[in-house]
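**Q**
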Ligand SMILES: [Zn+2]
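Chains as they are written, first to last, in the working numbering: chain A, 150 to 542; chain B, 31 to 165.
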């Protein structure tokens with residue numbers, strides 16, 4: 150295949166990262182959290198607010214704004230020449246990264262802050278929460294049947310089980326290893342270890358998904374700062390380079406998916422690996438979008454970490470756990486660290502930067518050189534894969 | 031505030047889909063068929079998704095299909111939906127896949143690959159929705 154985005158490979162780096170606290174943050178607004186994260190990330194980068202000439206945010210469900218990025222710039226009193234709010238659900242985060250990288254490489258901005266926050270836990274009224282559920286799905290031909298968000302993903306899990314013999318216990322194994330990572334992360338919302346039996350005996354939400362197969366609902370914000378590799382050389386931390394980026398888009402509504410068990414993560418991954426000149430076997434860790442356990446299962450297969458249908462056996466091998474051959478969601482993921490809605494996968498990105506800087510403390514993956522981060526939005530609809538590295542060559 | 035919650039979600043009225051809902055009211059499952067390639071599509075569009083043909087007509091289909099996947103929803107989306115209920119994807123014999131529900135059986139007895147047949151169920155207002163039952 151052609152080498153997409155080759156001009157961008159290694160040209161742009163992440164130089165500053167920060168998370169706010171996560172969990173139940175009563176009284177904090179998404180705007181406050183996004184601004185807090187942005188300012189901390191700018192400080193982490195060794196830069197000043199006035200250095201920032203690009204800003205990307207995503208809209209917040211708890212505090213929706215018509216001009217979200219512009220309002221954030223105003224609050225911060227910065228005056229960017231590149232400014233937009235993006236919205237593609239969970240896939241938003243990583244799609245924004247390569248747009249920002251392109252803007253930097255073409256000179257449309259020099260230093261871009263990407264800041265995202267939401268208060269899904271304490272900021273939504275009952276009506277807003279219902280609206281979030283009901284706005285998923287085709288309004289004419291899906292929503293009337295009353296599918297909940299877990300139900301859409303359960304359709305994928307059930308199809309995978311029927312086609313490949315995957316078991317509920319194997320799905321549960323994903324929640325278990327994710328919690329093992331979270332136990333090593335002082336900032337994670339849920340840190341008590343769980344067993345496969347705990348998952349299996351938790352309340353059934355939508356067969357085959359139990360409560361502990363489902364991600365958290367959280368408040369929180371996270372931000373990164375990006376600039377060119379040249380500029381990054383003068384800044385305090387090891388730059389973490391964007392080596393590969395790829396998207397794949399399959400469908401919007403699950404009833405229109407070309408396949409229930411193979412997603413466009415496959416194309417996104419192939420494009421990202423081709424740009425990076427690296428393979429799945431080069432990755433020292435992977436942060437995979439885990440709104441529900443089956444998404445991790447399908448992404449492991451589609452991103453080439455195991456063959457199609459072997460995801461369950463790969464989980465059984467213990468690969469995903471701390472010290473395993475492919476640690477997955479080393480911060481605790483959406484299942485155990487936090488899930489603040491659209492900003493959710495930002496925390497996987499900041500974690501990846503800490504891992505590649507070798508500053509992840511107790512949960513450091515030894516000598517991590519390359520990491521993969523993947524996010525999806527919709528119902529396994531829109532996918533973006535990033536390959537990050539501490540080396541630009 | 032409790033009254034609206036007891037209403038099931040109703041599809042918005044669109045000119046394009048009106049024949050589909052009219053068919054349901056007449057106990058008939060209609061799908062758009064393309065005059066150029068003879069294939070069926072769902073949901074309705076202004077153009078054939080297979081060949082870009084623009085001559086589409088509404089034709090009755092058999093209503094026979096099989097369960098591509100399903101889930102048993104244990105916590106309903108609102109009080110109007112009494113859990114447990116099935117949300118399923120059904121592949122029609124004629125090709126199109128649709129989201130639907132399976133009724134008239136123990137939800138626990140449904141399996142991927144089950145053959146099912148369309149049935150019509152009043153949904154509120156004057157709407158009738160296609161649902162499926164096991165054969
Ligand atoms: Zn056609």
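All residues carry an ideal CB built from backbone N, CA and C; glycine is no exception. Since the model is a prediction, treat every value here as computed from it, not as a measurement.
Is it buried or exposed, residue 54 of chain B, if we count other Cβ atoms within 10 angstroms and call 16 or more buried?
**A** The residue given as residue 54 of chain B occupies position 24 in the second chain. Residue 54 of chain B comes out buried.
**Q** At a Cβ cut of 9 Å, what residues of the stretch 331-365 of chain A count as close to chain B, listed as they run along the chain?
**A** Flagged, chain order: 352, 353, 354, 355, 356, 357, 358.
**Q** Quick check: is the beta carbon of residue 61 of chain B nearer than 7 Å to any beta carbon in chain A?
**A** Numbered from its first residue, the second chain carries residue 61 of chain B at position 31. Cβ-Cβ to chain A under 7 Å: no for residue 61 of chain B.
**Q** Please state if the CB of residue 412 of chain A and the CB of residue 499 of chain A are separated by a distance shorter than 7 Å.
**A** What you label residue 499 of chain A is simply residue 350 of the first chain in a count that begins at 1. What you label residue 412 of chain A is simply residue 263 of the first chain in a count that begins at 1. No, Cβ-Cβ distance for residue 499 of chain A and residue 412 of chain A is not below 7 Å.
**Q** Going by DSSP, what residues sit across from residue 434 of chain A in a beta bridge?
**A** Counting from one through the first chain, the residue named residue 434 of chain A turns up at place 285. Answer by DSSP bridge pairing, in chain order: A:520.
**Q** Provide the residue(s) that pair with residue 538 of chain A in DSSP beta bridges, ordered along the chain.
**A** In the first chain, residue 538 of chain A corresponds to position 389, counting from 1. According to DSSP, which records beta bridges pairwise, residue 538 of chain A is partnered with A:390, A:519.
**Q** Return the CA-CA distance between residue 289 of chain A and residue 41 of chain B, expressed in angstroms with no decimal places.
**A** Here the question's residue 289 of chain A lines up with position 140 in the first chain. Here the question's residue 41 of chain B lines up with position 11 in the second chain. Each residue's Cα considered, the two are about 4 Å apart.
**Q** Short check: CB of residue 159 of chain A to CB of residue 421 of chain A, under 7 Å?
**A** Counted from its first residue, the first chain places residue 159 of chain A at position 10. Counted from its first residue, the first chain places residue 421 of chain A at position 272. Cβ atoms of residue 159 of chain A and residue 421 of chain A: not closer than 7 Å.
**Q** Less than 7 Å between the beta carbons of residue 124 of chain B and residue 91 of chain B, yes or no?
**A** Taking the second chain and counting its residues from 1, one reaches residue 124 of chain B at position 94. Taking the second chain and counting its residues from 1, one reaches residue 91 of chain B at position 61. Result yes, Cβ atoms of residue 124 of chain B and residue 91 of chain B sit closer than 7 Å.
**Q** Output the boundary residues of the alpha helix (DSSP H) element that contains residue 191 of chain A.
**A** Counting from 1 along the first chain, the entry for residue 191 of chain A is found at position 42. 179-193 is the extent of the alpha helix (DSSP H) around residue 191 of chain A.
**Q** Residue 266 of chain A lies in the beta strand (DSSP E); which residues open and close that run?
**A** Start at 1 with the first residue of the first chain, and residue 266 of chain A comes out as number 117. First-last of the beta strand (DSSP E) with residue 266 of chain A: 261-268.
**Q** Give a yes or no on whether the C-beta atoms belonging to residue 100 of chain B and residue 130 of chain B are separated by under 7 Å.
**A** For this step, residue 100 of chain B is matched to residue 70 along the second chain. For this step, residue 130 of chain B is matched to residue 100 along the second chain. Not a contact, by the Cβ cut-off of 7 Å.
**Q** Report the partner residues of residue 118 of chain B according to the DSSP bridge assignment.
**A** Within the second chain, residue 118 of chain B is the residue found at index 88, counting from 1. According to DSSP, which records beta bridges pairwise, residue 118 of chain B is partnered with B:100, B:130.
**Q** Entirely within the stretch 265-325 of chain A and at least 4 residues each: give me those alpha helix (DSSP H) ranges in chain order.
**A** Within the stretch 265-325 of chain A, the complete alpha helix (DSSP H) runs of at least 4 residues are 275-283, 298-313.
**Q** With 16 other CB atoms within 10 Å as the buried threshold, where does residue 529 of chain A fall?
**A** Counting from 1 along the first chain, the entry for residue 529 of chain A is found at position 380. When all chains shown are included, residue 529 of chain A counts as buried.
**Q** With a threshold of 7 Å between beta carbons, is residue 450 of chain A in contact with chain B?
**A** Here residue 450 of chain A is taken as the residue at index 301 of the first chain, counted from 1. Cβ-Cβ to chain B under 7 Å: no for residue 450 of chain A.
**Q** I want to check one thing, is the minimum distance from the CB of residue 54 of chain B to the heavy atoms of ligand 1 below 6 Å?
**A** Numbered from its first residue, the second chain carries residue 54 of chain B at position 24. Not so, every heavy atom of ligand 1 lies at least 6 Å from the Cβ.
**Q** Nearest-angstrom Cα distance between residue 75 of chain B and residue 197 of chain A?
**A** Within the second chain, residue 75 of chain B is the residue found at index 45, counting from 1. Within the first chain, residue 197 of chain A is the residue found at index 48, counting from 1. Using only the alpha carbons, I get a separation of about 52 Å.
**Q** Alpha carbon to alpha carbon, how far is residue 516 of chain A from residue 391 of chain A? Give it in angstroms, no decimals.
**A** Taking the first chain and counting its residues from 1, one reaches residue 391 of chain A at position 242. Taking the first chain and counting its residues from 1, one reaches residue 516 of chain A at position 367. So the two alpha carbons sit approximately 18 Å from each other.
**Q** Under 6 Å from any heavy atom of ligand 1, by CB: list those residues in chain order, please.
**A** The answer, residue by residue, is B:64, B:66, B:67, B:69, B:78, B:80, B:81, B:83.
**Q** Starting from the C-beta of residue 334 of chain A, find all residues in its chain whose C-beta is less than 7 Å away, skip the five residues before and the five after it, and write them out in chain order.
**A** Counting from one through the first chain, the residue named residue 334 of chain A turns up at place 185. Cβ neighbours of residue 334 of chain A beyond the five flanking positions: 480, 481, 486, 512.
**Q** Could you give the distance in angstroms between the alpha-carbon of residue 61 of chain B and the alpha-carbon of residue 47 of chain B?
**A** To locate residue 61 of chain B, count along the second chain from 1; it is residue 31. To locate residue 47 of chain B, count along the second chain from 1; it is residue 17. Approximately 10 Å between the Cα atoms of the pair.
**Q** Say the cut is 6 Å; is the CB of residue 425 of chain A nearer than that to a heavy atom of ligand 2?
**A** For the structure depicted, ligand 2 is absent and the ligand set comprises only ligand 1.
**Q** Name the two residues that bound the continuous alpha helix (DSSP H) containing residue 349 of chain A.
**A** Taking the first residue of the first chain as 1, we reach residue 349 of chain A at position 200. Its alpha helix (DSSP H) spans residues 345-350.
**Q** Apart from the five residues on each side of it in sequence, which residues of its chain come closer than 6 Å, Cβ to Cβ, to residue 149 of chain B?
**A** As a first step, residue 149 of chain B must be located in the second chain, where it is residue number 119. Closer than 6 Å at Cβ, skipping near neighbours: 161, 163.
**Q** Between the alpha carbons of residue 369 of chain A and residue 208 of chain A, how many angstroms are there, rounded?
**A** By 1-based counting over the first chain, the position of residue 369 of chain A is 220. By 1-based counting over the first chain, the position of residue 208 of chain A is 59. Looking at the two C-alpha atoms, the distance is approximately 14 Å.
**Q** Would a check of beta-carbon distances place residue 145 of chain B closer than 7 Å to chain A?
**A** Working through the second chain from its first residue, we reach residue 145 of chain B at position 115. Answer no: the Cβ-Cβ gap between residue 145 of chain B and chain A never drops below 7 Å.
**Q** Between the stretch 219-234 of chain A and the stretch 256-272 of chain A, do three or more beta carbon pairs fall short of 8 Å?
**A** Result yes; three or more Cβ-Cβ pairs closer than 8 Å.
**Q** On the DSSP letters alone, give me the boundaries of the alpha helix (DSSP H) that residue 418 of chain A sits inside.
**A** Residue 418 of chain A sits at position 269 when you count from the first residue of the first chain. Unbroken alpha helix (DSSP H) run through residue 418 of chain A: 414-425.
**Q** Mind listing which residues of the stretch 125-156 of chain B have their C-beta closer than 9 Å to chain A's C-betas, in chain order?
**A** Within the stretch 125-156 of chain B, the qualifying residues are 127, 128, 129, 130, 131, 137, 138, 141, 142, 143, 153.
**Q** When DSSP labels each residue in this structure, what does residue 203 of chain A get in the three-state scheme?
**A** Indexing the first chain from 1 puts residue 203 of chain A at position 54. Strand.
**Q** Do residue 425 of chain A and residue 514 of chain A count as a contact pair if the criterion is CB distance below 7 Å?
**A** Taking the first residue of the first chain as 1, we reach residue 514 of chain A at position 365. Taking the first residue of the first chain as 1, we reach residue 425 of chain A at position 276. Cβ distance not < 7 Å, so residue 514 of chain A and residue 425 of chain A don't count as in contact.
**Q** Please identify the residue among A:410, A:400, A:189 whose C-alpha is closest to the C-alpha of residue 545 of chain A.
**A** For residue 545 of chain A there is no data in the structure shown, the boundaries of chain A being 150 and 542.
**Q** Along chain A, in chain order, which residues have C-beta atoms closer than 9 Å to that of residue 122 of chain B?
**A** One-based indexing of the second chain puts residue 122 of chain B at position 92. By Cβ distance, chain A contributes nothing, its closest Cβ being about 12 Å from residue 122 of chain B, past 9 Å.
**Q** Starting from the N-terminal side, write out each stretch of the beta strand (DSSP E) that is 3 residues or longer and does not extend beyond the stretch 36-88 of chain B.
**A** With a minimum length of 3 residues, the continuous beta strand (DSSP E) runs that stay inside the stretch 36-88 of chain B are 60-64.
**Q** Does the distance from the CB of residue 506 of chain A to the CB of residue 386 of chain A come in under 7 Å?
**A** Indexing the first chain from 1 puts residue 506 of chain A at position 357. Indexing the first chain from 1 puts residue 386 of chain A at position 237. Taking 7 Å as the Cβ cut-off, residue 506 of chain A and residue 386 of chain A qualify as a contacting pair.
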